[in-house]
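Q: Chains as they are written, first to last, in our numbering: chain R, 936 to 1250; chain W, 59 to 581. Where is the CB? At the ideal position from N, CA and C, for every residue including glycine.
1. Just checking my contact of residue 352/W with residue 437/W at CB under 8 Å: how many whole Å lie between their CB atoms?
2. Taking 8 Å as the threshold (beta carbon to beta carbon), is residue 1232/R in contact with chain W?
3. Ignoring anything shorter than 4 residues, give me the alpha helix (DSSP H) runs that lie fully in the segment 460-498 of chain W, in order along the chain.
4. If you reduce the DSSP assignment to three classes, tell me which class residue 59/W lands in.
5. Determine contact between the segment 1137-1146 of chain R and the segment 1164-1184 of chain R, defined as no fewer than three beta-carbon pairs at a distance below 8 Å.
6. What does a CB cutoff of less than 7 Å around residue 406/W pick up in its chain, not counting 5 residues either side in sequence?
7. Tell me residue 1148/R's beta-bridge partners as DSSP assigns them.
8. Roughly how many whole angstroms lie between the Cα atoms of residue 312/W and residue 263/W?
9. Leaving out five residues before and five after residue 1081/R in sequence, what residues of the same chain have Cβ atoms less than 7 Å from its Cβ?
10. Here's a check: name, in chain order, each residue in its chain whose Cβ is nearer than 6 Å to the Cβ of residue 1002/R, leaving out the five neighbours to either side.
11. In chain R, what lies closer than 7 Å to residue 473/W by C-beta?
12. Which whole-angstrom value describes the C-beta separation of residue 136/W and residue 172/W, a residue pair presumed to lie in contact below a C-beta threshold of 8 Å?
13. Rounded to whole angstroms, what's the CA-CA distance from residue 104/W to residue 980/R? Just pull it up for me.
14. What does residue 981/R touch in chain W if you count any residue whose Cβ is under 7 Å from its own?
15. Give me the chain R residues within the contact set of residue 507/W, using Cβ-Cβ distance strictly less than 7 Å, ordered along the chain.
16. Is residue 1028/R buried or exposed, if buried means 16 or more other CB atoms sit within 10 Å of its CB?
17. For residue 169/W, report the span of its alpha helix (DSSP H) as first-last.
18. Is residue 109/W close to chain R? Criterion is C-beta to C-beta, closer than 8 Å.
19. Look at the alpha carbon of residue 430/W and the alpha carbon of residue 546/W, and state the distance between them as a whole number of angstroms.
20. Could you pull the start and end residues of the alpha helix (DSSP H) that residue 1038/R belongs to?
21. Could you check whether the Cβ of residue 1198/R sits closer than 8 Å to any Cβ belonging to chain W?
22. Once DSSP output is grouped into helix, strand and coil, what is the label at residue 575/W?
23. Give the residues of chain W in contact with residue 1226/R, contact being defined as C-beta atoms less than 9 Å apart.
24. Check the Cβ of residue 448/W against every Cβ in chain R and list those closer than 8 Å, keeping chain order.
25. Quick one: list the residues of chain R neighbouring residue 540/W, beta-carbon separation under 8 Å, in chain order.
26. How long is the line joining the alpha carbons of residue 1121/R and residue 1129/R, rounded to whole angstroms?
27. Less than 8 Å between the CB atoms is what I'm expecting for residue 1095/R and residue 1030/R, so what's the real figure, rounded?
28. What in chain R is Cβ-close to residue 214/W, meaning under 8 Å?
29. In the DSSP output, which residue or residues are listed as bridge partners for residue 180/W?
30. Shorter than 8 Å from the beta carbon of residue 69/W to some beta carbon of chain R?
31. Using the beta-carbon of each residue, which ones in chain R are nearer than 9 Å to residue 281/W?
32. How many angstroms separate the CA atom of residue 1004/R from the CA atom of residue 984/R?
33. Can you look up residue 362/W in the DSSP assignment and give me helix, strand or coil?
34. Would you check if the distance between the CB atom of residue 1223/R and the CB atom of residue 1210/R is smaller than 8 Å?
35. Considering only the beta carbon of each residue, do residue 153/W and residue 146/W sit closer than 8 Å?
36. Any contact between the segment 448-457 of chain W and the segment 488-505 of chain W? By contact I mean 3 or more CB pairs, one from each, below 8 Å.
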């Protein structure tokens, strides 16, 4: 059944409506090579500027296929627009960071890899490739943007997992990405590297780029601006993480998909249920502030006076 | 637990007996009635341990049974282990290497837990798995412990295991900074974070609340923490508590700051760019020219004197161009095995039915030897021609060299293909060595020792998964090349080192010319 969700995206920041969406797709139909039936059937949707959108869903649902179509690795039927221009002319503005990153690096050192990306962008856009000091300056700029602080001559095989992921993102950005695709790049990273990458992605979204991340990690969803659920070849409209993790009644989409919500969400849900208030934090800071407000508003004292002081009745 | 690089994997390697400690020792005390403690080790990325054969054969190796025995006992011994990890649908003839990476990992754990030793050592059992699979693995390890085993795991995602574990060892910067029960770990997590130990989300939240006046931090299930938060203020403990670390740290606390996204590049990095570029040793054109001329001259050599001159001249060039010793020795070893084989074959006269009797003709062998010696020179010269170029340098040089001769499309394909080969040959070597490591682990888990004879027989079990890994790797590379459309881009030459003809270049070329002259003279 075709899913027509030509919805206006959850704009969590005020954007001028004159700007076309960063990415828009209409009646998209994609079949991975060798598959008889298309995995994505007549999906439509759009994503605005400056958004970090996570894509979640069971394996084989079509997330990777969608990304491959966007980057030109899978043929598709339907239409895609990038910043208002048709995909065929503006496809260089959509770049992917591949997994594992080591397999996608062609240059031997960090400097070489970024120089290649910069040269590729220049070639596809039709400019002359930068040279000498301006090349150096541009390479340093991309590294600074992703927080990569290693030496330029460091061989790429000697980078840590987190550094490789950052270099892959830097390479995609240097290739001219306004729309950045990351397919499960967080999966093999340790928690520190994942947290650092989340900071990078937030920074990029804040600066106006659009980031699409496929992940199984609910902490990534917690930190993102919007989440799209892909299931059985259908893509939901982007929803806010608050709507994904907390629901007024019934099962939140997170649990419906079989994911385990993060610890702080689990605690917050119980508090929300017990106090019947709006309490849906997305970070530890929000949790603490919200709980301090609860404590200050003396709800708890009122409950105690009403005689609900035993712990058992809350949970 | 500990940060990446803190030493968790190294410690597990030592405990498993795969790495010998440089100081101290690892002792296992076998239980009464047994002579040794069998250890089952599942390292990181356990899918490397698979042999790329059928499921029955994989289990046959691990259980030390024959394939038919495994099929007979599939239902009682194998299927329960597979079902516990969500793989119950697998048949003995299925190929685990066709599964997704997550399912391959679970398969290796099913194999390891089918007949585990007294000690189970796991490195990152939950990495790369979704939430349901993580819960399954933790449950299986807990079941193993309940049945009397000792499980030592290195974990990042602690919240999965903290509630099931009985003891936590925290490693910071190569030292043990905490040893105690999980409750105490969560209670002192604030202190430990300052020592560089990553703390799980449950502990982070508890500490954030404690600092804001909430309940004392500890290890709480979500229900418990919610209950404590909802308790009326009067019954809660007052104020932010002072947690006492169970382990005294003699160091001053080093503050690991926020991610370096906000840090400006340091002044030292903004130095003159040319200072960072490699100081190249020899102008590549001269180098290639002299090496090619030398190779052609050596091709004319057929006599012992000429051979001697060729070897000496090549050795001189190796020294002059600072060839790495390891590569030289490796190529020599390769050549030597070939040479011995060639001489033996040429000198050997087989008995009936080919010839009248066995004999060995030294004359023929000697002649072959003189023919084969130049190949050592060719191998070493080949190393010299390609060595110490990075992939991009090779691509740019190839592009420049072919610019006038070859049409654009073919030239770019050749250049980038050269770059890929240069870039990935060292990576392929690393993968190959990793595969041997995985093979050693597999044998040890099955209770066998690695010996040359077994390795020769089993070499397919190393080569097959290695080839599959390389192919998968190559798929990603092909995808990346296509998506980036690099075959339409001229390799940037902006960062080629500024090669200049220097005194050394001239000296090396002169040496080559002398060598060539000598060769012609001996002819």
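A: So, from the data block:
1. The residue labelled residue 352/W in the question sits at position 294 within the second chain. The residue labelled residue 437/W in the question sits at position 379 within the second chain. Contact between residue 352/W and residue 437/W does not hold, since their C-beta atoms are separated by about 13 Å, which reaches or exceeds 8 Å.
2. Along the first chain, one-based indexing puts residue 1232/R at 297. No, because no Cβ of chain W sits closer than 8 Å to the Cβ of residue 1232/R.
3. For the segment 460-498 of chain W, not a single whole alpha helix (DSSP H) run of length 4 or above is found.
4. By 1-based counting over the second chain, the position of residue 59/W is 1. Correct three-state label for residue 59/W: coil.
5. The segment 1137-1146 of chain R vs the segment 1164-1184 of chain R: no contact.
6. For this step, residue 406/W is matched to residue 348 along the second chain. Taken in chain order, the residues that qualify are 418.
7. Counting from 1 along the first chain, the entry for residue 1148/R is found at position 213. For residue 1148/R, which the question treats as bridged, DSSP gives the partners 989/R, 1117/R.
8. Here residue 312/W refers to the residue found at position 254 of the second chain. Here residue 263/W refers to the residue found at position 205 of the second chain. Unreliable placement is indicated for residue 312/W, whose pLDDT of 32 sits below 50; no coordinate value is reported for it.
9. As a first step, residue 1081/R must be located in the first chain, where it is residue number 146. Close CB contacts of residue 1081/R within its chain, under the 7 Å cut and outside five residues either way in sequence, are with 1101, 1104, 1105, 1135 (chain order).
10. Residue mapping note: residue 1002/R aligns to position 67 of the first chain, counting from 1. These residues qualify, in order along the chain: 1116, 1118.
11. For the purposes of this step, residue 473/W is taken as the residue at position 415 of the second chain. What residue 473/W touches in chain R: nothing, since even the nearest Cβ is about 11 Å away.
12. What you label residue 136/W is simply residue 78 of the second chain in a count that begins at 1. What you label residue 172/W is simply residue 114 of the second chain in a count that begins at 1. Contact flag correct, Cβ pair sits at about 6 Å.
13. Here residue 104/W refers to the residue found at position 46 of the second chain. Here residue 980/R refers to the residue found at position 45 of the first chain. Answer to the nearest angstrom: the Cα atoms are 39 Å apart.
14. Within the first chain, residue 981/R is the residue found at index 46, counting from 1. The premise fails here: residue 981/R is roughly 22 Å from chain W at the closest Cβ pair, so nothing lies under 7 Å.
15. In the second chain, the residue the question calls residue 507/W occupies position 449. What residue 507/W touches in chain R: nothing, since even the nearest Cβ is about 32 Å away.
16. For the purposes of this step, residue 1028/R is taken as the residue at position 93 of the first chain. Residue 1028/R sits buried, since 16 or more C-beta atoms from the chains shown fall within 10 Å of its C-beta.
17. As a working note, residue 169/W is residue 111 in the second chain. Looking at the DSSP string, the run of the alpha helix (DSSP H) that includes residue 169/W is 159-170.
18. Indexing the second chain from 1 puts residue 109/W at position 51. Not an interface residue.
19. Within the second chain, residue 430/W is the residue found at index 372, counting from 1. Within the second chain, residue 546/W is the residue found at index 488, counting from 1. Distance between the alpha carbons of residue 430/W and residue 546/W: 43 Å.
20. Translated into the one-based positions of the first chain, residue 1038/R becomes position 103. 1036-1039 is the extent of the alpha helix (DSSP H) around residue 1038/R.
21. By 1-based counting over the first chain, the position of residue 1198/R is 263. Closer than 8 Å: yes.
22. For the purposes of this step, residue 575/W is taken as residue 517 along the second chain, with counting starting at 1. The answer is helix: DSSP assigns residue 575/W an H, G or I state.
23. Within the first chain, residue 1226/R is the residue found at index 291, counting from 1. Chain W residues near residue 1226/R: 267, 270, 272, 287.
24. Start at 1 with the first residue of the second chain, and residue 448/W comes out as number 390. Taking a Cβ-Cβ cut-off of 8 Å, the neighbours of residue 448/W in chain R comprise 1042, 1043, 1044, 1047, given in sequence order.
25. Here residue 540/W refers to the residue found at position 482 when the second chain is read from its first residue. Residues of chain R passing the Cβ test: 1007, 1008.
26. Taking the first residue of the first chain as position 1, residue 1121/R is located at position 186. Taking the first residue of the first chain as position 1, residue 1129/R is located at position 194. About 6 Å.
27. Position 160 of the first chain, counting from 1, holds the residue named residue 1095/R. Position 95 of the first chain, counting from 1, holds the residue named residue 1030/R. The beta carbons of residue 1095/R and residue 1030/R sit about 22 Å from each other, so the pair does not count as a contact at 8 Å.
28. Mapped onto the second chain, residue 214/W falls at position 156. Contact annotation for residue 214/W against chain R: 1125, 1126 [CB-CB distance below 8 Å, chain order].
29. In the second chain, the residue the question calls residue 180/W occupies position 122. DSSP lists 100/W, 211/W as the bridge partner or partners of residue 180/W.
30. Locating residue 69/W in the second chain gives position 11, counting from the first residue. No - not a single Cβ of chain R is within 8 Å of the one on residue 69/W.
31. Walking along the second chain from the start, residue 281/W turns up at place 223. For residue 281/W, the chain R residues whose Cβ falls inside 9 Å of its Cβ are 1201, 1202, 1205, 1250, in order along the chain.
32. The residue you call residue 1004/R lines up with position 69 of the first chain. The residue you call residue 984/R lines up with position 49 of the first chain. Rounded to whole angstroms, residue 1004/R to residue 984/R spans 20 Å at the Cα level.
33. Stepping through the second chain from its first residue, residue 362/W is reached at position 304. In this structure, residue 362/W counts as helix in the three-state DSSP scheme.
34. The sequence position of residue 1223/R within the first chain is 288, counting from 1. The sequence position of residue 1210/R within the first chain is 275, counting from 1. No, the pair does not count as a contact, with Cβ atoms beyond the cut-off.
35. Taking the second chain and counting its residues from 1, the one referred to as residue 153/W is at position 95. Taking the second chain and counting its residues from 1, the one referred to as residue 146/W is at position 88. Inclusion of residue 153/W and residue 146/W in the CB contact set at 8 Å is not warranted, their separation being larger than that value.
36. No, because fewer than three Cβ pairs between the segment 448-457 of chain W and the segment 488-505 of chain W fall closer than 8 Å, the two stretches do not touch.
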